[in-house]
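Since the structure comes first, as structure tokens, the remarks are kept for the end.
Numbering (UniProt numbering), first residue to last: 1 to 415.
What follows is the structure, encoded as structure tokens:
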């Protein structure tokens, strides 16, 4: 009987090694490096420092970066590693960082903006000195001496420790509670007896206009009323197609209200709400800006003064404010007059040329990466970012539920 045995098939002999039967696989393409928001922020700053026009030309004076508190800490550490960039940033840039909203607002003011700001700042400083002289002549020497100690803080970066949000748990704020709100005002006035300035001045950009009330509230509430007054000037610097020269002034001051348990809660209120001091054709409006000693001195000193002395102050007519801004606009055009027809530039040394070439290549690479990201993002990206900013602002504004101020007016009502 024949048994079935398994049959075996011998493969044909081959001199080809197994790993040579197929062509070699191509090497894997390197994955594109994902740039973090910190990378983008540093690239943006490097290009601005190099004087480059960037992809974000429409937003160069006011730009928002989403940064968590951890990313903001990383940004500061990496900025410290680049000494030249760090020095330039602290000298030229102004920023506000809100750990609760996880947003960094970067501001790069123009020359006209800076000149207007300097004019208003000098006018306030001179008015404080004149008020001190008048009070000294009226035998209020101690108050006059206190006023003379007030000095310009310029755009000193302030660290403000925000209070706990209303109707929120401690755990919901644990991530942001360990970080201070950082703000760089356009101008500020300090008294040596206070940690924070008493008076803050902000000249808003068109992109910043809607955020100004929230920023003013943050100054006053997050400083726990150490900042006594925030003056906001919303100025349109007419140029090119923009012919509207309307400018408005707003003033925010500390206020108090009662909570559900009857305790006093510190808030802020808008005492002057977007009152026009210059109309669309550049003509001054009727009215005046009023500031008093209450806006200038710290709590401890105010408690020693009589009510009549506290209310002493000074005013600026709207015509004066308009003149300061017009002067700034005129000054910006003087630099192009009586210029030589020809210019020469000295020949650079080989080491300088080598350094410049390296910097040139680096900035070109940074700019190419930013432009590539801009194309990849698409047109919808800007809309999404704007929506994120708006949502972030609403979260901060909801810190207080105030509808009335100490004088009985609704928040945002003109006085």
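Virtual Cβ for every residue (Gly too), placed ideally from N, Cα, C.
Predicted, not measured: the structure shown is a model, and the values here were computed from it.
Alpha-carbon spacing of residue i relative to residue j, whole angstroms
i	j	result
residue 204	residue 97	17 Å
residue 252	residue 36	37 Å
residue 210	residue 116	21 Å
residue 82	residue 45	11 Å
residue 129	residue 90	29 Å
residue 266	residue 224	7 Å
residue 343	residue 50	22 Å
residue 84	residue 160	27 Å
residue 139	residue 311	16 Å
residue 190	residue 150	6 Å
residue 110	residue 303	40 Å
residue 41	residue 158	21 Å
residue 135	residue 286	28 Å
residue 153	residue 120	14 Å
Three-state secondary structure (DSSP) of residue i
i	result
residue 342	coil
residue 91	helix
residue 50	coil
residue 182	strand
residue 154	coil
residue 247	strand
residue 290	strand
residue 284	strand
residue 43	helix
residue 322	helix
residue 298	coil
residue 192	coil
residue 81	helix
residue 272	strand
residue 187	strand
Supposed contact pair residue j and residue i - C-beta distance, whole angstroms, cut 8 Å
i	j	result
residue 212	residue 231	Wrong, their Cβ atoms sit about 11 Å apart, outside the cutoff.
residue 127	residue 318	Not really, about 15 Å apart at Cβ, beyond 8 Å.
residue 273	residue 246	Actually they do not touch by this definition, with Cβ atoms about 15 Å apart.
residue 216	residue 268	7 Å
residue 162	residue 147	The Cβ separation is near 30 Å, so there is no contact.
residue 143	residue 309	6 Å
residue 301	residue 234	Wrong, their Cβ atoms sit about 31 Å apart, outside the cutoff.
residue 295	residue 229	4 Å
Exposure of residue i, with buried meaning 16 or more beta-carbon neighbours within 10 Å
i	result
residue 80	exposed
residue 101	buried
residue 255	buried
residue 196	buried
residue 70	exposed
residue 417	Residue 417 lies beyond the residue range present for the chain, which begins at 1 and ends at 415; the question has no answer from this structure.
residue 185	buried
residue 63	buried
_Uninterrupted beta strand (DSSP E) stretches inside the stretch 109 to 160 (no shorter than 3 residues)_ = Whole beta strand (DSSP E) segments, 3+ residues: 158 to 160.
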